[in-house]
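Asker:
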Amino acid sequence: MNRQTIVRVTSQRFHLVCGLMLLCLMGSPAWAESKAEKGFHAVATDIKGVETDVKNVIFYWEEKISETAFVPHELKEVPVKRGTATVKIKFEGIKQIDLKPSGSSAPPSVTITLNDGKTGEFVLAIAGSFKGQSDFGEVELPAGEIKKLTFK
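Sequence positions in the sequence shown follow mature numbering (1 follows the signal peptide of the UniProt record, and there is no 0) and run -32 to -1, 1 to 120.
#1: Could you compute how far the alpha carbon of T36 sits from the alpha carbon of W29?
#2: The beta strand (DSSP E) spanning D21 covers which residue range?
#3: If you draw a straight line from the C-alpha of T20 to the C-alpha of S73, how long is it?
#4: Which residues bound the beta strand (DSSP E) around A53?
#5: Please go through the same chain and pick out, in chain order, the residues whose beta-carbon is closer than 6 Å to the beta-carbon of S77, but skip the five residues on each side of it.
#6: Checking 9 Å against the spacing of the C-beta atoms, do K23 and H41 come in under that value?
#7: Can you check which of these residues, K16, S34, V25, is closest to L43 by C-alpha distance?
#8: Quick one: residues in its chain with C-beta nearer than 7 Å to the C-beta of L82, no 5 flanking neighbours on either side, listed in chain order?
#9: Would you mind reading off the limits of the beta strand (DSSP E) that contains D66?
#10: On the premise that K86 lies in contact with T13, defined as a C-beta separation below 8 Å, what is that separation, rounded to the nearest angstrom?
#11: Just the Cα atoms here: how many angstroms apart are K49 and A93?
#12: Looking at the secondary structure, which residues open and close the beta strand (DSSP E) in which P110 lies?
#13: Go through its chain and collect everything with a Cβ distance to T54's Cβ below 8 Å, but skip five positions before and after it.
#14: Considering only the beta carbon of each residue, do S97 and E106 sit closer than 9 Å?
#15: Can you tell me which of the three DSSP states E89 falls into?
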């Protein structure tokens, strides 16, 4: 091998090693996704008193763009109103949500109990639903028809 070939091979190896080191420092993409994709488990009690065990719970609502177009929103938090402010309470901090129907088409009132025992009374900012997986398949529970949601 001549000097130019040795320099080129050495340079390629250097770039390969640097690239691998950079990947190691950044972490594996699969690890980052699995950490961000934590699933939540809850037991929902509807207004008829029926309990449903729900895995991978999300708060779901659709934003209407036009008469025929909607944008789905899947959240791992509950958007609520406190006065004029919208507060997004993350599932990871919630122990239980008690819902009280409003009696009209308005979103229900909620009492949220956090894991540390603090409670607050709010109104849902969006009339959405809670979706997830039950033992029998995918389940969707409109927020206005739930009495209680207890996170496990």
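A virtual CB, placed ideally from N, CA and C, is assigned to each residue, including glycine.
Answerer: In this structure, then:
#1: Those two C-alpha atoms are separated by around 16 Å.
#2: Membership of D21 in the beta strand (DSSP E) is indicated by the continuous run 19 to 32.
#3: Cα to Cα, T20 sits roughly 24 Å from S73.
#4: First-last of the beta strand (DSSP E) with A53: 53 to 58.
#5: Correct list, in chain order: K68, V91.
#6: Between K23 and H41, the C-beta spacing is not below 9 Å.
#7: When each option's Cα is compared against that of L43, the closest is V25.
#8: Excluding residues up to 5 positions away in sequence, G61, I62, K63 lie with their Cβ nearer than 7 Å to the Cβ of L82 in the same chain.
#9: 62 to 68 is the span of the beta strand (DSSP E), which, as asked, contains D66.
#10: About 22 Å separates the Cβ atoms of T13 and K86, ruling out a contact at the 8 Å cut-off.
#11: About 5 Å.
#12: Here the beta strand (DSSP E) through P110 covers 105 to 110.
#13: Shown here for T54: same chain residues with a beta carbon closer than 8 Å to its own, the five before and five after excluded, namely P47, V48, A93 in chain order.
#14: Result no, Cβ atoms of S97 and E106 do not sit closer than 9 Å.
#15: In the three-state reduction of the DSSP assignment, E89 falls in the strand class.
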